[in-house]
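Below is one structure; the comments refer to it alone.
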Amino acid sequence: MHTRVHTGPHPVASRAGLIRGAVAVVAWVTLALGVSPTAAAAHLGTNDAVFEGRAGPYAVRVIVRMPGVIPGQAEVTVRVDGGAARAVRVQVAQWSVGTRGAPAPEAAMPVPGAAGVWSAPLWLMTTGSYEANVTVDGTQGTGTVTVPVVAVATARLGMDQRLGWLLAALGIVLVAGLVSVAGAAARDGTLTPGAAIDRAARRTGRVATAVAAAVCALALVGGAKWWGADDAAYASGLWRPLRSEAHVRTGSGGPRLHFTITDSAWFAPELTPLMPDHGKLMHLFAVRESATAGANVDPAHRSRDVLAHLHPVRVDRADFDAPLPALPGGRYRVYADVVHESGLARTLVTTVDLAAPQVATPAGGSDAGDDAWDVAGAASAGAVAPLGAGDGMTMESAARIPAGRDTVLRFTVRDAAGRVVDVEPYLGMAAHAMIERSDGSVFVHLHPSGTVSMAAQDRLLRREQGDTALHGASQPDAMAAMHGTPAAYSGALGFPFSFPRPGGYRVWVQVRIAGHVRTAAFDVTAI
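Following this line, the structure appears as structure tokens:
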């Protein structure tokens with residue numbers, strides 16, 4: 008993992024020269040009073056974990072809002088349906104040590120005015136993969152659920168300008184006081200009580216004052232250099248998508264999309280191997296920036312009219328390859344999701360330019376097994392997005408949703424007569440949803456269980472139980488092995504999520520009906 012653990016105080020926006028060094032003296036004790044994080048970016052654009060499921064007999068929704076800085080304090084919110092909870096405890100543990108090496112669980116407190124909602128702040132001291140264990144005690148006994156979380160530094164703190172000037176003034180006062188005390192001590196310290204200060208004593212005091220001033224100046228310069236180096240080191244360790252690239256290869260079997268991870272951090276010895284999530288080592292999503300928008304249009308305002316959900320196979324450690332469907336030509340944003348055995352889930356980002364294919368994409372999209380692609384405009388909330396064969400999907404949620412607040416995006420699949428249609432399992436789930444912000448700064452692949460990786464969740468549970476049998480990509484999908492897959496799901500779908508910041512988003516929802524994967528697209532505005 009290409010991150011750096013920052014064990015000192017978080018760097019702040021620094022001032023030049025000696026004042027910056029003076030600020031460093033005081034910042035150790037007062038830094039936390041006036042900083043605020045910048046926008047976070049992991050998964051892509053959000054690192055919060057949202058899980059909806061069961062903790063034993065209790066239906067729960069767990070939201071872990073991650074700090075932008077590490078060390079930092081995460082806020083864990085637990086919603087328990089039915090009002091049956093009497094107490095909620097939360098514990099975070101590093102994946103490599105589990106609960107045996109973790110601090111004792113913290114008692115969550117009821118949120119005033121919100122029935123069934125509990126909250127607890129928890130400190131995350133280092134970067135890496137964690138498990139958040141939520142235990143609910145209530146009228147039906149005790150239940151526990153494990154939620155995978157990834158702690159990475161995604162923000163650099165900035166200092167409030169007024170606080171900065173205050174600290175600078177205090178630093179100047181401290182330096183002036185130190186120089187004054189040194190001069191007075193040298194001038195008066197050797198005199199007997201009541202003796203007059205002679206010329207020699209004054210000269211000694213002046214020399215001591217000059218020496219103290221020089222020492223303080225050197226200390227300030229050194230402090231400024233240390234402060235800048237520490238800040239630069241922290242900034243260089245901020246979480247970012249690993250460098251990658253995609254290109255098309257042609258051969259006798261037809262064109263193929265080749266995805267390569269080019270970042271040296273991918274080969275770091277501490278990075279654990281990949282494991283399958285929903286039976287696939289990689290979920291790759293290609294989104295076209297509509298050619299009709301024009302090359303000079305700001306990317307934030309370009310439409311996204313094509314989505315392809317592919318599953319490349321691994322060629323070697325850093326290369327993946329998948330058949331390229333007959334997608335319309337244009338520039339595509341490429342998002343590739345992978346999960347490591349440590350529970351670390353990451354999204355890789357690049358672009359690829361595709362030429363127009365010889366064979367046009369069928370109207371309404373197409374699929375080949377678990378791979379699926381579609382060309383479609385987006386519907387608005389409440390409107391019906393056609394799925395083919397008379398079926399359609401409606402977004403039941405509002406078109407404008409508050410940012411930063413947990414919600415459930417609800418959709419319903421109906422036939423031509425308006426009846427709710429059951430959907431078949433698609434990669435072990437009732438449905439998959441992809442959410443992309445208009446400028447590409449946010450991309451999340453989620454399920455009815457939330458944003459967490461089911462494979463990571465299962466891996467952490469098995470490790471906690473001492474089961475280390477699962478290893479590498481050759482093993483079957485852990486989620487399906489543990490939870491099983493029903494023959495059909497209700498077409499009334501819900502996806503718990505929290506939009507990280509305001510803006511326009513496109514939401515794609517994929518379901519399998521009559522053996523074929525169908526895609527519906529909707530536009531949502533986070534306010």
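Final position of the sequence shown in my numbering is 534; the numbers increase by one with none missing.
Heads up, the beta-carbon is just placed ideally off N, CA and C, and yes, glycines get one too.
Note that the coordinates shown come from a computational prediction; the quantities given were computed from them, not determined experimentally.
Query	Result
Leucine 51, buried or exposed, once every other Cβ within 10 Å from all chains shown has been counted against 16	buried
For proline 117 and aspartate 144, the rounded distance between their alpha carbons	13 Å
Arginine 324: first and last residue of the uninterrupted beta strand (DSSP E) it sits in	Careful: arginine 324 lies outside any beta strand (DSSP E) and carries neither H nor E.
For glycine 108, the three-state DSSP class (helix, strand or coil)	helix
Buried or exposed (CB count within 10 angstroms, at least 16 for buried), aspartate 484	The pLDDT assigned to aspartate 484 is 45, lower than 50, so where the model puts this residue is not dependable; a value taken from the coordinates is nonetheless given after this. Buried.
DSSP-derived helix/strand/coil call for threonine 211	helix
Span of the beta strand (DSSP E), counted from its first residue to its last, around isoleucine 268	263 to 268
Buried or exposed by the 16-neighbour rule on C-beta atoms within 10 Å, applied to phenylalanine 529	buried
Beta-ladder partner(s) of methionine 282, from DSSP	Val346
Through-space distance from leucine 434 to threonine 458, alpha-carbon basis	15 Å
Sub-8 Å separation of glutamate 348 and arginine 466 beta-carbons	yes
Three-state secondary structure assigned by DSSP to glutamate 471	helix
Run of the beta strand (DSSP E) containing serine 387, from where it starts to where it stops	It is not in any beta strand (DSSP E) - serine 387 carries neither H nor E in the DSSP assignment.
Bridge-paired residues (DSSP) for histidine 274	In the sequence as presented, histidine is not what sits at residue 274; that position holds phenylalanine. Answer by DSSP bridge pairing: none, since phenylalanine 274 is not bridged.
Cβ-Cβ separation, valine 320 to alanine 329 (assumed contact under 8 Å), whole Å	7 Å
Inter-stretch contact at 8 Å, needing at least 3 Cβ pairs: the stretch 221 to 237 / the stretch 190 to 198	no
6 Å Cβ shell around valine 99 - same chain, five flanking residues per side excluded	Leu129, Tyr137 and Ala139
Proximity to valine 518 [Cα-Cα], best of Ala385, Phe506, His316 and Val451	His316
Arginine 194, DSSP secondary structure in three states	helix
Methionine 441, DSSP secondary structure in three states	strand
Segment contact, 8 Å Cβ cut-off, at least three pairs: the stretch 53 to 71 with the stretch 144 to 158	yes
Proximal residues to leucine 198 (C-beta, below 8 Å), its chain only, five neighbours per side dropped	Ile204 and Ala208
Helix, strand or coil at tryptophan 102 [DSSP, three-state]	coil
Nearest residue (CA-CA) to threonine 149, options Val95, Gly120 and Ala158	Val95
Cβ pair count under 8 Å reaching 3, the stretch 423 to 437 against the stretch 507 to 527	yes
Alanine 162 beta carbon less than 8 Å from that of glycine 75	yes
For arginine 421, the first and last residue of its enclosing beta strand (DSSP E)	414 to 421
Supposed contact pair threonine 133 and glutamate 471 - C-beta distance, whole angstroms, cut 8 Å	Not confirmed; about 19 Å, so no contact.
Extent of the continuous beta strand (DSSP E) run through threonine 84	79 to 87
Cβ-based neighbour list, alanine 31, same chain, cut-off 7 Å, excluding 5 preceding and 5 following	In this prediction, alanine 31 has a pLDDT of 38, which is less than 50 and means its spatial position is unreliable; nothing more can be read from the coordinates.
Spatial distance of leucine 264 from alanine 438 (CA atoms)	25 Å
Beta-carbon proximity of leucine 314 to valine 294, cut-off 8 Å	yes
8 Å Cβ cutoff, isoleucine 204 in contact with chain B	No chain B is part of this structure, which consists of one protein chain only.
Option in Leu468, Glu443 and Gly372 with minimal Cα separation from glycine 511	Glu443
The beta strand (DSSP E) enclosing proline 128, as first and last residue numbers	124 to 131
Given valine 85 as reference, the closest of Ser103, Ala109 and Thr142 once Cα atoms are compared	Thr142
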